[in-house]
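K.L.:
Numbering-wise, the working numbering puts 363 at position 235 of the sequence shown, and it's gapless, one number per residue.
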Amino acid sequence: MARHAERALACPTPARTKDDGQPVIRHQEPALVPIVVTVPRRRSAACHRTGVRRLALAAGALLVAVALGLAPGPAASPVRASCASPVPIPDAMSLAEVVLVGTVTSTENGGRWATVRIEERWQTRGSVPDEIAVHGGPEPGVETSIDRVYSPGRYLFFLTFGRGYYLDNACTATTAWTQDLAQFRPLGVAPAPDVAAGVPAGSRDPVDIVPVVALGVALLIALMSYGLILRARRRPPDWVR
């Protein structure tokens, strides 16, 4: 019985036609299996060039942002609403206890306390050491609406005496030094060589280092951006990650 079953499976089933009575073999057609072929997506050359241009624009925008963010600016404190209108320099000199030209070498307390190297003594009451401490605000943790914040650089200071330090605030005539302020130098006060030359004596002004650092960072970003653009240009137009 098993042998007859194997023959039944192996041989096609005969069938007779109505015309001649001869057996006709019916063959079963094999099922068609669809074959799926994945064709890689191609990128056009125009799309490739557009991507390179967008990368270049993004790199340029980043370079400009960094350059603007690191560019040095004036170190003057903003005048708050609680201050009166600015007093002209000659009037401020007649009211101030101490008028000095000095360079801020370091700061603390959020920039409100400064260590100042004195270069010219325009108006004093008593002796002023070569280095003083200037407080533009109260102790840490306390803030007022007239706090002055300092940055490294040269200033024309209008100060009053404190206890072991000098006092200043955002409402005084203290201002970042420019050569235009030299016209207010009192008679009998010799200009310090470094003030006249515009460069602090003994060391480079820390403010002058900022453009160098900004230029170095900008150059580094430019080189990295150029490398990315060059790499993108070397890829074939149909390259897809």
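Idealized CB from N, CA, C, for every residue including glycine.
Quickly, what does DSSP pair L384 with across the bridge? List them, please.
P.N.:
As shown, the chain starts at 129 and ends at 369. That puts residue 384 outside it, with no answer to give.
K.L.:
Might you give, ordered along the chain, the residues of its own chain that have their beta carbon closer than 8 Å to the beta carbon of A329, omitting 5 neighbours on each side?
P.N.:
With a pLDDT of 43 at A329, under the threshold of 50, the modelled position of this residue cannot be trusted; read the value that follows with caution. Cβ neighbours of A329 beyond the five flanking positions: E247, A320, P321 and D322.
K.L.:
From which residue to which residue does the beta strand (DSSP E) around S210 run?
P.N.:
It is not in any beta strand (DSSP E) - S210 carries neither H nor E in the DSSP assignment.
K.L.:
Under three-state DSSP, which class holds E225?
P.N.:
Residue state, collapsed to three classes: coil.
K.L.:
Do L284 and W305 have their beta-carbon atoms positioned less than 8 Å apart in this structure?
P.N.:
Yes, the Cβ-Cβ distance between W305 and L284 is below 8 Å.
K.L.:
L343 to S255, Cα distance in whole Å?
P.N.:
The straight-line gap from Cα to Cα measures roughly 42 Å.
K.L.:
Starting from A320, trace the alpha helix (DSSP H) in both directions and tell me its first and last residue.
P.N.:
A320 -> no alpha helix (DSSP H), and no H or E assigned at all.
K.L.:
Taking the straight line between their C-alpha atoms, what separation do you get for A242 and R359?
P.N.:
Distance between the alpha carbons of A242 and R359: 49 Å.
K.L.:
Sorted by chain position, which residues of the same chain lie with C-beta nearer than 6 Å to T300's C-beta, five sequence neighbours on each side aside?
P.N.:
So the qualifying residues of the chain are F286.
K.L.:
Quick check: the region 263-273 against the region 218-225, are at least 3 beta-carbon pairs closer than 8 Å?
P.N.:
No, they do not touch.
K.L.:
What does a CB cutoff of less than 6 Å around G239 pick up in its chain, not counting 5 residues either side in sequence?
P.N.:
Cβ neighbours of G239 beyond the five flanking positions: V277 and Y278.
K.L.:
Sorted by chain position, which residues of the same chain lie with C-beta nearer than 6 Å to L309's C-beta, five sequence neighbours on each side aside?
P.N.:
For L309, where only same-chain residues beyond five positions count, the Cβ hits under 6 Å are L284.
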